[in-house]
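Numbering (my numbering), first residue to last: 17 to 198.
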C-alpha cells in the first residue's frame with residue numbers, strides 16, 4: 017500500500033544513495049510527456065526536502081524545456097534487489113546552467129567531474145511516496161556505461177557546446193531549453 021511523506025526519511029535517503037538508476041518525469045502544459053533514465057552517480061540529497069542532480073548531455077533536452085514552462089517534476093527510484101520498494105519524489109524544479117558560475121560550481125564540487133555536464137536540476141520535494149514494488153523484476157548491475165564520457169571527452173568542451181547548439185536548444189515540441197546564453 018502506498019504511503020506518503022512530507023519529506024524524506026533517513027531510511028529513504030539511504031535507499032536513494034544505494035540506487036544506480038532513477039527516472040525523471042516532466043511535462044509541459046501541452047505536448048509530449050518525457051521520462052528519462054538517469055545514473056552515473058548524478059544525484060545528491062541536500063536535505064529532506066531538496067535534492068540536486070547533475071544532468072549530462074543527451075540526444076535531447078526535454079527536461080529543461082518542460083521545467084522552463086512548468087516546473088513540476090517527479091523522480092522515481094525502484095529497487096531491483098530482493099527487498100522491493102518504489103519511491104517517488106514529487107516537487108518543483110529549477111535549472112542551474114553552466115553560465116550561472118557560482119551556483120553551478122558549488123554543485124559541481126559535490127560530484128566527480130563528468131565530461132559533458134550540461135546543467136543541474138534542483139528539486140524542492142513537496143511529497144515523497146513509497147509503494148510496494150512487488151512486480152518490479154530483479155536485476156544484477158554489471159556496471160556503469162562509459163560511452164557518454166568517452167564521447168564527450170573526444171569532442172572536448174567546444175565540441176560538446178556545438179552539440180548543444182545543434183541538438184539541445186529546442187525540445188521535441190519546439191520549446192526552448194535555454195542551454196546556450198544567447
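Glycine included, each C-beta is placed from N, C-alpha and C at the ideal position.
- Secondary structure at residue 32: helix, using DSSP grouped into helix, strand and coil.
- Sixteen is the threshold: when 16 or more other Cβ atoms of the shown chains lie within 10 Å of the Cβ of residue 68, as they do, the residue is buried.
- Two segments are said to touch when three or more pairs of C-beta atoms, one from each, lie closer than 8 Å; by this definition the segment 92-107 does not touch the segment 177-196.
- Of 133, 30, 57 and 156, the smallest CA-CA separation from residue 168 is found for 133.
- Spanning the alpha carbons of residue 113 and residue 195 requires a straight line of approximately 7 Å.
- When 157, 53, 115 and 84 are compared, the shortest CA-CA separation from residue 187 is found for 84.
- Residue 50 is positioned such that its CB atom lies no closer than 8 Å to that of residue 193.
- Annotation for residue 113: no beta strand (DSSP E) segment contains it, and DSSP assigns it neither H nor E.
- Around the C-beta of residue 109, 16 or more other C-beta atoms lie within 10 Å, and the residue is accordingly described as buried.
- Exposure of residue 157 is indicated by the presence of fewer than 16 other C-beta atoms within 10 angstroms of its C-beta.
- By DSSP's assignment, residue 17 forms no beta bridge with any residue.
- Counting other Cβ atoms within 10 Å of its Cβ, residue 56 reaches 16 or more and is therefore classed as buried.
- Under the DSSP assignment, residue 78 falls in the alpha helix (DSSP H) whose first and last residues are 78-85.
- Under the 10 Å beta carbon count, residue 144 is surrounded by 16 or more other beta carbons and is classified as buried.
- Counting only runs that start and end inside the segment 32-60, there is no alpha helix (DSSP H) element of at least 4 residues.
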